[in-house]
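**Student:** Here's a structure for you.
Chains as they are written, first to last, in this note's numbering: chain D, 1 to 297; chain L, 298 to 724.
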């Protein structure tokens with residue numbers, strides 16, 4: 001009997017501190033959110049992201065393996081503004097995890113392109129709540145990180161100081177980098193560009209580049225030949241320097257436009273993990289700004 | 298003084314007369330003038346509005362700068378959001394269900410029109426046909442229940458509640474164990490893969506022969522209650538148990554006069570990620586229930602399914618491949634009478650080869666083991682133009698051979714369109 005008791009004690013004693021140090025399990029819908037949560041949460045969180053950085057976050061599939069991931073999570077961070085409307089509701093419902101804390105990071109961000117008049121699907125894949133690609137402005141990254149810190153503190157109040165400290169280093173690092181990016185891009189302000197999809201508004205607004213046209217005449221709908229003809233004409237007339245597409249877009253159409261107009265085709269990552277070298281939120285803009293400067297100088 | 302007053306009055310009347318008369322006699326001229334004045338007025342108002350917009354933009358930009366310079370706390374941000382929400386006016390649409398409507402419109406040609414219904418389960422005649430309209434309403438009832446209603450209106454104009462159920466993942470007092478979901482109402486029974494689909498979700502225009510033979514044209518939909526439990530495995534593994542009314546007229550010989558005797562169903566579904574882009578699904582289903590007719594003997598069906606899906610993570614809108622296989626064996630009345638037992642299978646391949654186009658093929662075999670009217674083989678090919686996730690135009694050809702009766706050729710054309718709320722896509 002005593003031996004059994006000792007055996008049990010041996011099992012329980014090492015398990016107790018382990019349980020206390022268990023990191024908060026977090027799911028993020030995109031790799032960018034995962035990177036921000038990791039930066040703020042440090043080793044106090046175990047983060048898993050659903051969409052890969054090189055994947056179009058609109059069109060993720062609600063795979064049952066993701067249901068399992070959400071089932072085991074304590075918190076879920078999402079971009080919101082209906083970016084994940086085609087798949088996230090099924091994952092949350094299928095997860096059977098009523099204690100899951102779901103945090104939409106869009107409140108607090110100044111959202112662009114909120115439709116002011118009536119909208120219909122004749123306009124393509126319009127987002128009724130506004131353009132959801134807001135993480136592509138590092139100033140929004142700071143707003144998101146602050147919200148993440150606040151939510152993590154609610155779930156693990158004992159770790160508040162750690163989260164606060166991590167948040168501070170994240171902000172300091174991002175602010176130093178931002179200064180550098182803004183300096184690099186300053187001579188290019190006002191440069192006219194064309195993009196494939198409406199996903200660069202936040203980035204270009206921050207950097208002061210002017211988007212004068214889109215390959216997609218309606219978001220999410222393949223462009224019509226007539227629209228492409230007009231676009232080519234405009235690009236030739238205005239001597240547009242770059243055509244920007246994300247790295248999950250089929251490059252055939254943008255490539256042929258670039259060839260016809262003599263414009264540079266610039267394929268940019270939209271998310272952390274979009275390229276192998278991009279492992280943090282800061283590195284995402286290092287890559288984007290680096291490529292923009294190279295192409296537009 | 299009086300004279301002066303009278304003079305002024307006279308002068309005023311003259312002026313008014315002079316001003317008014319030409320306006321009356323030159324009405325057209327006056328119209329032009331008033332139009333000009335209107336345009337001037339609109340112009341001025343527009344200028345004012347533009348100035349106001351400019352001012353607001355500036356204010357917004359200034360606010361934004363101050364937000365980025367000293368960002369608000371999320372709590373403040375939340376309160377900003379709350380402030381920007383329109384005030385409630387007593388009547389609100391905020392809690393109305395999400396509504397979507399799907400229409401199926403088609404054309405058909407069969408070399409033996411009389412057999413169309415038997416071979417496709419569709420009420421199609423040669424020529425154009427309105428196939429079906431489905432109205433879907435979804436909303437959270439309260440923190441515990443989520444409701445879903447699907448009303449179908451068929452060609453004859455008959456409306457039916459195809460599904461009407463609530464689901465729950467959490468109940469008061471934590472009555473529902475963790476990892477379990479509850480479903481209550483009338484719903485498509487969780488047997489196999491195809492039975493869960495509504496007409497507009499069918500991968501082909503018509504259902505597989507075996508589903509029709511076992512569960513009838515409408516599929517197996519029953520009032521009942523179901524529990525689905527997520528097993529604590531390293532892969533996705535789910536066990537479903539459903540207690541059903543047993544109303545199916547095909548499997549349980551139910552009719553309007555006979556009281557259904559109840560049925561129960563079990564399904565075990567497993568998903569494996571073979572890679573980031575490929576998944577394998579394996580499922581087994583079993584259903585048993587007492588027949589409604591005299592004797593109340595047991596009827597049962599057992600099914601197995603295997604599905605492999607591939608979709609590239611990059612450019613995921615451009616390519617996709619789905620290979621789905623299902624086998625169902627059934628035994629009505631638990632007798633050895635060959636007319637009451639049999640089985641069938643289908644194997645289908647759906648390949649999306651560009652952003653807008655799909656090419657599909659399916660092989661159906663009904664009669665393993667053989668049914669009383671022998672075997673049927675059916676080969677189906679389909680090409681689909683899918684302009685967006687809300688519309689699809691599909692052209693299908695099928696060739697059927699049967700032990701009893703000659704071969705049948707059939708061509709079906711279908712337009713499917715959905716309006717309303719954006720539906721999430723089941724995997």
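Glycine included, C-beta positions come from ideal geometry on N, C-alpha and C.
Computed from a predicted structure; not experimentally measured.
(1) My output table needs one value for residue 601 of chain L: the three-state DSSP class, helix, strand or coil.
(2) Could you work out which residues of chain L lie near residue 86 of chain D, taking near to mean beta carbons separated by less than 9 Å?
(3) Contact between the stretch 605-624 of chain L and the stretch 640-660 of chain L is defined here as three or more beta-carbon pairs at a separation below 8 Å; is this criterion met?
(4) Is residue 162 of chain D helix, strand or coil by DSSP?
(5) Tell me which residues of the stretch 604-618 of chain L have at least one Cβ-Cβ distance to chain D shorter than 7 Å, keeping chain order.
(6) Check the DSSP bridge columns for residue 402 of chain L and list the partner residues they point to.
(7) Could you list which residues in chain D have their beta carbon closer than 7 Å to that of residue 478 of chain L, in chain order?
(8) Just to confirm before moving on: does the CB-CB distance between residue 602 of chain L and residue 571 of chain L stay below 9 Å?
(9) Which of the three DSSP states, helix, strand or coil, is assigned to residue 558 of chain L?
(10) Kindly indicate if chain D contains any beta-carbon less than 9 Å away from that of residue 712 of chain L.
(11) Quick one: which residues of the stretch 54-82 of chain D get their C-beta closer than 7 Å to a C-beta of chain L? List them in chain order.
(12) From residue 197 of chain D to residue 214 of chain D, what does the alpha carbon distance come to, in whole angstroms?
(13) Using DSSP bridges, identify the partner residues of residue 519 of chain L.
(14) Using a cut-off of 9 Å between C-beta atoms, extract the partners of residue 196 of chain D located in chain L.
(15) How is the alpha helix (DSSP H) around residue 145 of chain D delimited, first residue to last?
(16) Relative to the C-alpha of residue 724 of chain L, which residue among D:207, D:55 and D:59 is closest?
(17) Jot down the residue ranges of each uninterrupted alpha helix (DSSP H) in the stretch 235-281 of chain D, minimum 4 residues, whole runs only, in chain order.
(18) When the Cα of residue 212 of chain D is compared with those of D:175, D:98, D:230 and D:166, which residue comes out closest?
(19) Using a beta-carbon distance below 9 Å, is residue 656 of chain L in contact with chain D?
(20) What did DSSP end up calling residue 699 of chain L once you bin it into helix, strand or coil?
(21) Might you give, ordered along the chain, the residues of its own chain that have their beta carbon closer than 7 Å to the beta carbon of residue 155 of chain D, omitting 5 neighbours on each side?
(22) Determine the direct distance from the alpha carbon of residue 282 of chain D to that of residue 173 of chain D, and round the result to whole angstroms.
(23) In whole angstroms, what is the alpha-carbon distance linking residue 604 of chain L and residue 159 of chain D?
(24) In the DSSP assignment, find the alpha helix (DSSP H) that holds residue 201 of chain D and state where it starts and stops.
(25) Cβ atoms of residue 705 of chain L and residue 416 of chain L: under 9 Å apart, would you say?
(26) Taking a contact to mean a Cβ-Cβ separation below 9 Å, would you say residue 403 of chain L touches residue 653 of chain L in this structure?
(27) Does any C-beta atom of chain L lie closer than 9 Å to the C-beta of residue 129 of chain D?
(28) I need the DSSP call for residue 528 of chain L, collapsed to helix, strand or coil.
(29) Report the neighbours of residue 250 of chain D on chain L: residues whose CB is nearer than 7 Å to its CB, in chain order.
(30) Taking the CB atoms as reference points, tell me whether residue 725 of chain L and residue 443 of chain L lie closer together than 9 Å.
(31) Between the C-alpha atoms of residue 51 of chain D and residue 206 of chain D, what's the straight-line distance to the nearest angstrom?
(32) According to DSSP, is residue 507 of chain L part of a helix, a strand, or is it coil?
(33) Buried or exposed: residue 309 of chain D, going by 16 or more other Cβ atoms within 10 Å of its Cβ?
(34) By Cβ distance below 6 Å, which residues in the same chain neighbour residue 412 of chain L in space, the five residues on each side in sequence not counted?
(35) Taking CB distances under 9 Å as the criterion, tell me whether residue 179 of chain D reaches chain L.
(36) Going by C-alpha distance, which of L:453, L:407, L:482 and L:511 is nearest residue 465 of chain L?
**Tutor:** Reading off the structure:
(1) strand
(2) 686, 719, 720, 721 and 722
(3) yes
(4) helix
(5) 608, 610, 611, 612, 613, 614 and 615
(6) According to DSSP, residue 402 of chain L bridges with L:427 and L:712.
(7) Chain D residues near residue 478 of chain L: 96.
(8) no
(9) Residue 558 of chain L falls in the coil class under three-state DSSP.
(10) no
(11) 54, 55, 56, 59, 61, 62, 63, 64, 65, 67, 68 and 71
(12) 6 Å
(13) L:484
(14) Result: empty, since nearest Cβ-Cβ is about 12 Å, beyond 9 Å.
(15) Element bounds for residue 145 of chain D: 138-155.
(16) D:59
(17) Counting whole runs of 4 or more residues, the stretch 235-281 of chain D contains the alpha helix (DSSP H) stretches 252-261.
(18) D:230
(19) Not one chain D Cβ lies under 9 Å of residue 656 of chain L.
(20) In this structure, residue 699 of chain L counts as strand in the three-state DSSP scheme.
(21) 24, 74, 75 and 101
(22) 8 Å
(23) 45 Å
(24) Secondary structure note for residue 201 of chain D: its alpha helix (DSSP H) is the uninterrupted segment 201-207.
(25) Their beta carbons are under 9 Å apart, which means residue 416 of chain L touches residue 705 of chain L by this criterion.
(26) no
(27) no
(28) coil
(29) 612 and 615
(30) Examination of residue 725 of chain L is not possible in this model, given that chain L is present from 298 through 724 alone.
(31) Taking the straight line joining both Cα atoms gives about 25 Å.
(32) helix
(33) The structure shown does not extend to residue 309 of chain D, since chain D is modelled only from 1 through 297, so no value can be given for it.
(34) Here the set comprises 705.
(35) No, residue 179 of chain D does not count as interfacial toward chain L.
(36) L:482
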